[in-house]
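Trainee: Numbering of the sequence shown is given in the working numbering, commencing with residue 96 and proceeding in unit increments. C-beta: ideal position from N, C-alpha, C; glycine also. Starting off with a structure, shown below.
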Amino acid sequence: MSAFSVRPARTADVRAIRDLLEPLVQRRILLGKDLVVLYESVQEFVVAEDERGRLIGCGALHVIWEDIAEVRTLIVADDWLHHGVGREIVQALEDRAQRLGVQRLFCLTFEVDFFTRRGFAPIGEQVVDPDVYSQLVRSPDEGVAEFLDLAHVKPNTLGNTRMLKTL
């Protein structure tokens, strides 16, 4: 494998992010996102690219509340799995979270072993104070609903594990 680098995403990366996402949507591993949603959230993403500039991975950091953010849309191209790409993307997102003042990271994943190696642990029901919960429950963001484990979360979350890491 050749070298790769991780950097903040740009609007010119959005279609390549969608192309990475689409096969996982087809396999019902990740939720599909409209192109407009990806453009609206491009500032949340970091991307990994190979030496030729081809996007080989991505991930996003979505702030949920004062002290907590979600790692979402973490994708590594099949031919780059097990080469440290995911680890570097998560590290970049953790660095960004710390710069923002976030103290805890949440993820909803099938890749429990990967996130456990990064310091995440499965969580139960109550991870925020009731007063914060009452504010978060008003959010229209589906990721917040997943975090709160609300009954109306998407069907593809069945079998996913909710995990948390303290930075």
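Just the Cα atoms here: how many angstroms apart are residue 111 and residue 198?
Mentor: The sequence position of residue 111 within the sequence shown is 16, counting from 1. The sequence position of residue 198 within the sequence shown is 103, counting from 1. Straight-line Cα distance between these residues: approximately 30 Å.
Trainee: Our contact map puts residue 169 next to residue 184 with C-beta atoms below 8 Å; I'd like the distance itself, whole angstroms only.
Mentor: Indexing the sequence shown from 1 puts residue 169 at position 74. Indexing the sequence shown from 1 puts residue 184 at position 89. Sure, about 6 Å apart at Cβ, within 8 Å.
Trainee: Reducing DSSP to helix, strand and coil, say where residue 206 ends up.
Mentor: Reading the sequence shown from its first residue, position 111 is the one you call residue 206. In this structure, residue 206 counts as coil in the three-state DSSP scheme.
Trainee: Would you please state the rounded distance, in angstroms, between the beta carbons of residue 164 and residue 156? I believe it to be under 8 Å.
Mentor: Counted from its first residue, the sequence shown places residue 164 at position 69. Counted from its first residue, the sequence shown places residue 156 at position 61. Contact flag correct, Cβ pair sits at about 5 Å.
Trainee: So, is residue 107 buried or exposed, given that buried needs 16 or more other C-beta atoms within 10 angstroms?
Mentor: Against the sequence shown, residue 107 aligns to sequence position 12. Exposed, by the Cβ-count rule.
Trainee: Using the rule of at least 16 other Cβ atoms within 10 Å of the residue's Cβ for burial, across every protein chain shown, is residue 103 buried or exposed?
Mentor: Here residue 103 is taken as the residue at index 8 of the sequence shown, counted from 1. Its Cβ having fewer than 16 others within 10 Å, residue 103 is exposed.
Trainee: To the nearest angstrom, how far is the alpha carbon of residue 98 from that of residue 151?
Mentor: The sequence position of residue 98 within the sequence shown is 3, counting from 1. The sequence position of residue 151 within the sequence shown is 56, counting from 1. For residue 98 and residue 151, the distance between alpha carbons rounds to 11 Å.
Trainee: Taking all protein chains shown into account, decide if residue 261 is buried (16 or more other Cβ within 10 angstroms of its Cβ) or exposed.
Mentor: In the sequence shown, residue 261 corresponds to position 166, counting from 1. Residue 261 should be labelled exposed.
Trainee: If you reduce the DSSP assignment to three classes, tell me which class residue 159 lands in.
Mentor: Residue 159 sits at position 64 when you count from the first residue of the sequence shown. If DSSP states are grouped into helix, strand and coil, residue 159 belongs with the strands.
Trainee: Hey, residue 259 and residue 201: beta-carbon distance below 9 Å or not?
Mentor: By 1-based counting over the sequence shown, the position of residue 259 is 164. By 1-based counting over the sequence shown, the position of residue 201 is 106. Contact: yes.
Trainee: Measure the CB-CB distance between residue 122 and residue 203 and report whether it falls below 9 Å.
Mentor: The residue labelled residue 122 in the question sits at position 27 within the sequence shown. The residue labelled residue 203 in the question sits at position 108 within the sequence shown. Taking 9 Å as the Cβ cut-off, residue 122 and residue 203 do not qualify as a contacting pair.
Trainee: Report the residue from 161, 217, 172 whose alpha carbon sits nearest the alpha carbon of residue 149.
Mentor: For the purposes of this step, residue 149 is taken as the residue at position 54 of the sequence shown. Here the closest residue by C-alpha is 172.
Trainee: From the DSSP output, read off the bridge partner residues of residue 256.
Mentor: Here residue 256 corresponds to residue number 161 of the sequence shown, with the count starting at 1. Answer by DSSP bridge pairing, in chain order: 204.
Trainee: Measure the alpha-carbon distance for residue 210 versus residue 186 and round it to whole angstroms.
Mentor: Here residue 210 is taken as the residue at index 115 of the sequence shown, counted from 1. Here residue 186 is taken as the residue at index 91 of the sequence shown, counted from 1. The alpha-carbon atoms of residue 210 and residue 186 are separated by roughly 11 Å.
Trainee: Provide the residue span of the beta strand (DSSP E) that contains residue 141, from first to last.
Mentor: Taking the sequence shown and counting its residues from 1, the one referred to as residue 141 is at position 46. Run containing residue 141: 140-145, per the beta strand (DSSP E) assignment.
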